[in-house]
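Undergrad: Pasting in a structure now, in structure tokens, and then I'll have a few things to ask.
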Amino acid sequence: MSVRKIVCYPDPILREKTDLIQDINEEIKKLAEDMLETMYENKGIGLAGPQIGILKKIVTVDISGPEKRENPMVLINPEIYEKQGEVEGEEGCLSFPGFRCNVKRAEKIKVRFLDVDGKEHDISAHELLSVCIQHEVDHLNGRLIIDYAGKLKKTMYEKKLKKIQKRARKR
Ligand code: NI
Numbered sequence: 066m067s068v069r070k071i072v073c074y075p076d077p078i079l080r081e082k083t084d085l086i087q088d089i090n091e092e093i094k095k096l097a098e099d100m101l102e103t104m105y106e107n108k109g110i111g112l113a114g115p116q117i118g119i120l121k122k123i124v125t126v127d128i129s130g131p132e133k134r135e136n137p138m139v140l141i142n143p144e145i146y147e148k149q150g151e152v153e154g155e156e157g158c159l160s161f162p163g164f165r166c167n168v169k170r171a172e173k174i175k176v177r178f179l180d181v182d183g184k185e186h187d188i189s190a191h192e193l194l195s196v197c198i199q200h201e202v203d204h205l206n207g208r209l210i211i212d213y214a215g216k217l218k219k220t221m222y223e224k225k226l227k228k229i230q231k232r233a234r235k236r
């Protein structure tokens with residue numbers, strides 16, 4: 066297993082469309098392991114392919130958290146086919162260091178996906194799992210949490226990023 070580098074906003078890779086995975090081969094299994102490790106090491110509860118520069122429909126999630134690591138899930142070609150209700154909560158993202166914003170999402174979802182053995186799952190999710198899966202599936206469609214933020218909040222974060230980048234260049 067290896068920890069991969071996280072792609073951060075405003076890298077254009079995060080806006081690209083992703084491809085369906087046709088064949089769950091050894092390369093995909095290795096990718097899934099690396100993604101889980103990368104997610105845990107960065108203290109995340111979810112990670113999507115584009116966040117490590119891989120434009121494929123693959124997502125990892127573990128809502129038990131990076132310390133417990135009790136419920137690792139790999140969702141290949143996830144498809145949310147039913148949404149119900151609405152919840153609003155604050156979200157962060159590994160591709161947005163130092164940024165959080167409120168996002169409105171469906172309260173309950175139904176999602177179909179394949180696991181690393183190619184087995185199909187069809188689950189209902191609510192609460193944190195539902196929100197987390199919706200966040201990660203957004204990544205597969207090039208949609209990011211900053212798209213839910215107000216214009217002012219977005220401008221402020223972009224300014225903050227420029228300062229951070231300037232400082233990094235001086236070093
Ligand atoms: Ni994210």
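For the working numbering, add 65 to where a residue sits in the sequence shown, where the first one is 1.
Don't be surprised by glycine CBs; every beta carbon is placed ideally from N, CA and C.
Please list the segments of the alpha helix (DSSP H) lying wholly inside the region 109-138, counting only runs of 4 or more residues, in order along the chain.
TA: none
Undergrad: With a CB to CB cut of under 7 Å and the five nearest residues on each side skipped, what residues in its chain are close to E151?
TA: K169, A171, E172
Undergrad: Who are the Cβ neighbours of P162 in its own chain at under 7 Å, not counting the five residues just before and after it?
TA: C73
Undergrad: For a test of the three-state rule: what should DSSP assign to C73, helix, strand or coil?
TA: coil
Undergrad: Between L237 and the ligand NI, is there a pair consisting of the residue's CB and a ligand heavy atom that are separated by less than 7 Å?
TA: For the chain, the structure presents residues 66 to 236; residue 237 sits outside this window and is missing.
Undergrad: At a threshold of 7 Å, does H191 count as lining the ligand NI (C-beta to nearest heavy atom)?
TA: no
Undergrad: Rounded to a whole number of angstroms, what is the C-alpha to C-alpha distance between R236 and I211?
TA: Approximately 28 Å, taken between the alpha carbons.
Undergrad: Can you check whether the CB of T103 is closer than 8 Å to the CB of V68?
TA: yes
Undergrad: I need the DSSP call for I198, collapsed to helix, strand or coil.
TA: helix
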